[in-house]
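*Asks:* First residue of the sequence shown? That's 541 in this note's numbering, and the numbers climb one at a time after it. Below: one structure in structure tokens.
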Amino acid sequence: MKIIKVKDYQEMSQKAAELIIAQVKKNPKLVLGLATGSTPEGLYKNLIEDHRSNGTTYKQVTTCNLDEYIGLPKEDHNSYYAFMKGHLFDHIDVLAENTNLPSGEKEDRSAECAAYEALIHEAGGIDVQVLGIGGNGHIGFNEPGTPFDSLTHIIELDASTREANARFFNSLEEVPTQAITMGIQTIMSAKEIVLLASGTAKVEAISKLLSGEITEAFPASCLHQHPNVTIIVDEAALNENK
Ligand code: PGA
């Protein structure tokens with residue numbers, strides 16, 4: 541596990557963008573695993589800026605997002621589909637047909653889970669997966685207790701996750717109670733993983749992660765078993781903001 545310590549959110553976002561841009565240049569057909577949330581917003585802004593000023597192209601890139609809420613229509617502004625369109629896809633030259641998120645709207649949920657796994661497999665597997673981390677250690681929506689051998693599945697969101705995400709909704713009641721998420725094994729199958737963490741809300745999660753203990757009670761701890769993980773973490777998340 542490689543740890544890159546940065547000053548703040550801005551530097552975290554820049555470093556992450558540099559890393560992704562270098563990979564896209566090296567392999568124009570990159571399969572990029574993407575995340576939603578406040579953490580990667582700055583990364584996406586940097587990718588858009590670079591695309592506009594330097595012309596980095598995503599025409600042959602395939603993207604696969606980690607997760608989606610169950611029960612929100614795609615068009616809802618809180619869906620992760622809408623997030624990705626608004627924060628990235630509409631502003632770079634990635635082809636809409638090459639952008640993928642699991643669907644939270646399918647009636648046959650287990651078929652959708654299997655189909656998403658098959659899609660990732662057919663794309664050749666994820667080359668680089670971007671991750672945030674929940675205060676409870678979740679990656680994607682894999683809440684504490686999720687088996688390390690899990691594939692894409694439906695999960696009940698933790699109360700703490702719903703509370704953390706309530707800031708985007710009118711009320712806590714509006715936050716969906718379930719999501720579809722890549723499993724831990726799906727994430728661990730990525731060739732490279734980049735986890736971003738910024739701000740004091742992540743101090744406990746980062747300290748637990750860096751303690752090195754591996755347990756399903758703390759999902760992100762699985763990353764210690766992956767050969768190519770980079771953590772880009774700022775001083776606030778490391779509790780070094782004096
Ligand atoms: P955040 O969420 O980026 O909005 O903090 C991270 C996560 O819950 O994985």
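For every residue, glycine included, the Cβ atom is placed at its ideal position computed from N, Cα and C.
The alpha helix (DSSP H) spanning G626 covers which residue range?
*Replies:* Y620 to H627
*Asks:* DSSP state of D630, grouped into three classes?
*Replies:* helix
*Asks:* Helix, strand or coil for I713 per DSSP?
*Replies:* Reading off the sequence shown, one finds Glu at residue 713, where the question assumed Ile. E713: helix per DSSP, three-state reduction.
*Asks:* Report the CB separation of T717 from E696 in whole angstroms; it is logged as a contact under 8 angstroms.
*Replies:* 6 angstroms
*Asks:* Can you tell me whether P767 is buried or exposed? The criterion is at least 16 other CB atoms within 10 Å of its CB, across all chains shown.
*Replies:* exposed
*Asks:* With a cut-off of 8 angstroms, do at least 3 Cβ pairs link the region 664-683 to the region 727-741?
*Replies:* yes
*Asks:* Could you tell me how far apart the beta carbons of Y620 and L587 are, in whole angstroms, since I believe they sit closer than 8 angstroms?
*Replies:* No, Y620 and L587 are not in contact; Cβ-Cβ is about 17 angstroms, not under 8 angstroms.
*Asks:* At what residues does the beta strand (DSSP E) containing V769 begin and finish?
*Replies:* V769 to D774
*Asks:* Please enumerate, following chain order, all residues with a beta carbon closer than 5 angstroms to at least one heavy atom belonging to the ligand PGA.
*Replies:* G577, S578, T579, G672 and G674
*Asks:* Starting from G573 and walking both ways along the alpha helix (DSSP H), at which residues does that stretch end?
*Replies:* In this chain, G573 is not harboured by any alpha helix (DSSP H); it is covered by the beta strand (DSSP E) spanning V571 to L574.
*Asks:* If we count the other Cβ atoms within 10 Å of its Cβ and call it buried at 16 or more, is D689 buried or exposed?
*Replies:* exposed
*Asks:* Nearest-angstrom Cα distance between L606 and S751?
*Replies:* 25 angstroms
*Asks:* Assuming M541 and I771 form a contact by the criterion Cβ under 8 angstroms, report the distance between their Cβ atoms to the nearest whole angstrom.
*Replies:* That belief holds up - the Cβ atoms of M541 and I771 are roughly 6 angstroms apart, short of 8 angstroms.
*Asks:* Which residues bound the alpha helix (DSSP H) around C653?
*Replies:* According to the DSSP assignment, C653 belongs to the alpha helix (DSSP H) that extends over R649 to E662.
*Asks:* Please report the distance separating the alpha-carbon of I632 from that of R592.
*Replies:* Roughly 8 angstroms between the two C-alpha positions.
*Asks:* If we count the other Cβ atoms within 10 Å of its Cβ and call it buried at 16 or more, is S761 buried or exposed?
*Replies:* buried
*Asks:* Which residues in the same chain have their Cβ closer than 7 angstroms to the Cβ of D616, if we skip the five residues on either side of it in sequence?
*Replies:* A622
*Asks:* Between the C-alpha atoms of E780 and S738, what's the straight-line distance to the nearest angstrom?
*Replies:* 12 angstroms
*Asks:* What's the C-alpha gap between K555 and L778?
*Replies:* Spanning the two alpha carbons is a distance of roughly 17 angstroms.
*Asks:* According to DSSP, what are the bridge partners of D607?
*Replies:* T721
*Asks:* Hey, how far is the Cα of A757 from the Cα of H678?
*Replies:* 9 angstroms
*Asks:* Between the alpha carbons of G582 and L572, how many angstroms are there, rounded?
*Replies:* 17 angstroms
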